[in-house]
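In what follows, a single structure is set out as structure tokens and then discussed.
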Amino acid sequence: MNYSLLFDTAVEIGYQLAMCGAETYRIEECIIRIMRSYGIEAEVFAIPNSMIVTITTPDGQSITRLRRIGFHCNDMDTLEHYSNLSRKICQETPDPQAAAQWVKETKNSCRTYSLPIFLLANMIAAGGFSLFFGGTLADAVISMLCGLVVGLIGHLTQKLRVNNFFATMASSFCMALIAYFFSILGINSDTAIIGALMMLVPGLLFTNAIRDIIFGDTNSGINRIVQVILIAVAIGLGTSVARATVFSIFETPATIAPQSYGPILQCIAAAVGCTGFSMLFNIHGKGMLICILGGTASWAVYLVSAYLLNDTHISYFIAALFAASFAEAMARIRRFPAITYLVVAILPLIPGAGIYYTTSFLADKNIAGFMENGAETVSIAGLIAIGILMISSIVRGTTVWRQMRNKK
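Here the numbering used here is used: the first residue of the sequence shown is 413, the next is one more, and so on.
Following this line, the structure appears as structure tokens:
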């Protein structure tokens, strides 16, 4: 058997998963299971920017591969393709040449949305979440314009391989500059910015960080958490500089309170926002509809819980439990990675408004407001993380228990 080719094939699949935004444990387990299905044990160490894999062949030869993981995106469709491929190889154990050919065929079969559709998705996501956070139709239109700018800058900086911190800061500055300028004409700049800001909030990165920590990949989890903090700082710097720039030239407009919509309109706005994000995460077909349903249902669960319990924090926790349960259930029904469904299901729960207002208070040197909103935002994010942690731990524990029972 050509062990070197087999090894390269397994490492390539792990690398492609990493480039799609997969969790660390999924990357490592994928390579280990493929090699184990051929009777070879593998040692894998993966972090967000690299992975090292070592095997020992039956004839005693030791082989090591190091792959550098560069700039990667959130591509759920490709992630599903390679996850299915790894299962297929484990089940059928073809010869290494056939497995390598399957990798090439999988790479050619992956779908991506065109640039115009990508930009449209940015506009849909921004407009939907602007309405979701209490914006008017006029606010949503400006937010869509901001979303278009974020998409264009994001596409350009990705092509140029610009550092993510500076790319985020540039995007937040440009879209906030537009929103603050239109606030002079009576637009609620806050809701316009928050809608577009949701595309910069690292929801998937935060989710993967929590899941990495849950499964014991502490180095990767901390690495991702640091990235989340840096992105939040970049967002704060970009919006603050844009605010100072506009209002140093024009008079600061009066504060406009966000609209208060009923539950049905909130759920519709959440569905629109989740539609845009499903396209941004490169989700296609029936999977997109399921993801949109998950995001809408998660917010509906929050609204019902808030109405019955009259407690915001507990309601977020219950909604996070539902979102994680929904993702795990769909993953087993459709045999796709749970992260695909989870990342969209928790979108309406992410405190995008809290992040924006916290940075705004800091820019205004309102320390009391900064501390209060910051604590509230962190507590909500923590409750969402705990909800995901609980369900993932239960599912993971159940799976391990079943495997141990089957071995007996």
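Ideal Cβ placement from N, Cα and C applies to all residues, glycine included.
{"Check": "Under 7 Å Cβ to Cβ from residue 537, same chain only, skipping five residues before and after it: list those, please.", "Outcome": "559, 610, 611, 685, 688, 689 and 692"}
{"Check": "DSSP three-state call for residue 457: helix, strand or coil?", "Outcome": "strand"}
{"Check": "Please state the DSSP three-state secondary structure of residue 463.", "Outcome": "strand"}
{"Check": "Once the 5 residues before and after residue 452 are set aside, which same chain residues still bring their CB inside 6 Å of it?", "Outcome": "467"}
{"Check": "Mapping the DSSP letters down to three states, classify residue 526 as helix, strand or coil.", "Outcome": "coil"}
{"Check": "Hey, how far is the Cα of residue 617 from the Cα of residue 634?", "Outcome": "11 Å"}
{"Check": "Just to confirm the assignment, what range does the beta strand (DSSP E) spanning residue 475 have?", "Outcome": "474-480"}
{"Check": "Could you tell me the alpha carbon to alpha carbon distance between residue 573 and residue 719, rounded to whole angstroms?", "Outcome": "46 Å"}
{"Check": "Excluding five sequence neighbours on each side, which residues of the same chain lie with their C-beta closer than 7 Å to the C-beta of residue 750?", "Outcome": "739, 740 and 743"}
{"Check": "Since residue 682 and residue 763 should fall inside the 8 Å C-beta cutoff, what is the C-beta to C-beta distance between them, to a whole number of angstroms?", "Outcome": "Between residue 763 and residue 682 the Cβ distance is about 14 Å, and since that is not below 8 Å, they are no contact."}
{"Check": "Assuming residue 668 and residue 768 make a contact with CB atoms under 8 Å, what is their CB distance in whole Å?", "Outcome": "Between residue 768 and residue 668 the Cβ distance is about 14 Å, and since that is not below 8 Å, they are no contact."}
{"Check": "Give the C-beta separation of residue 595 and residue 665 to the nearest angstrom, bearing in mind that I take them to be a contact with Cβ-Cβ under 8 Å.", "Outcome": "5 Å"}
{"Check": "For residue 473, count neighbouring Cβ atoms within 10 angstroms of its own Cβ and tell me buried if that reaches 16, exposed if not.", "Outcome": "exposed"}
{"Check": "Would residue 516 pass as an interface residue toward chain C - the criterion being a Cβ-Cβ separation below 7 Å?", "Outcome": "Here chain C cannot be found, since the structure has a single protein chain."}
{"Check": "By Cβ distance, which residues of its chain are closer than 6 Å to residue 607, with the 5 residues on each side in sequence left out?", "Outcome": "538, 541, 542 and 555"}
{"Check": "Alpha carbons only, please: which of 677, 806, 481 and 445 is nearest the one belonging to residue 428?", "Outcome": "481"}
{"Check": "Counting beta carbon pairs with one atom in the segment 725-740 and one in the segment 785-797, are three or more of them shorter than 8 Å?", "Outcome": "yes"}
{"Check": "Using the rule of at least 16 other Cβ atoms within 10 Å of the residue's Cβ for burial, across every protein chain shown, is residue 456 buried or exposed?", "Outcome": "buried"}
{"Check": "Give me the residue from 786, 504 and 490 with the minimum Cα distance to residue 445.", "Outcome": "504"}
{"Check": "Which partner residues does residue 667 have in the DSSP bridge list?", "Outcome": "Its beta-bridge partners do not exist; DSSP assigns none."}
{"Check": "Restricting to Cα atoms, I'd like to know which of 500, 491 and 546 is closest to residue 519.", "Outcome": "491"}
{"Check": "Going by other Cβ atoms of all chains shown within 10 Å of its Cβ, with 16 needed for buried, is residue 656 buried or exposed?", "Outcome": "exposed"}
{"Check": "Can you give the beta carbon distance from residue 565 to residue 582, rounded, assuming they're within the 8 Å contact cut?", "Outcome": "6 Å"}
{"Check": "Assign residue 701 to one of two classes, buried (16 or more other C-beta atoms within 10 Å of its C-beta) or exposed (fewer than that).", "Outcome": "exposed"}
{"Check": "Is the beta carbon of residue 580 sitting closer than 7 Å to the one on residue 646?", "Outcome": "yes"}
{"Check": "Would you report the Cα separation of residue 624 and residue 706, rounded to the nearest angstrom?", "Outcome": "22 Å"}
{"Check": "Report the option in 431, 449, 432 and 433 whose CA atom is closest to the CA atom of residue 418.", "Outcome": "449"}
{"Check": "Give every residue of the same chain whose Cβ lies closer than 6 Å to the Cβ of residue 475, excluding the five residues on either side of it in the sequence, and list them in chain order.", "Outcome": "419 and 467"}
{"Check": "On the CB-based measure, 16 or more other CB atoms within 10 Å of its CB, does residue 734 come out buried or exposed?", "Outcome": "buried"}
{"Check": "Which residue or residues does DSSP assign as beta-bridge partners of residue 436?", "Outcome": "Beta-bridge pairing links residue 436 to no other residue."}
{"Check": "Kindly indicate the opening and closing residues of the alpha helix (DSSP H) around residue 687.", "Outcome": "675-692"}
{"Check": "Out of 806, 658 and 545, point me to the one whose CA is closest to residue 591's CA.", "Outcome": "658"}
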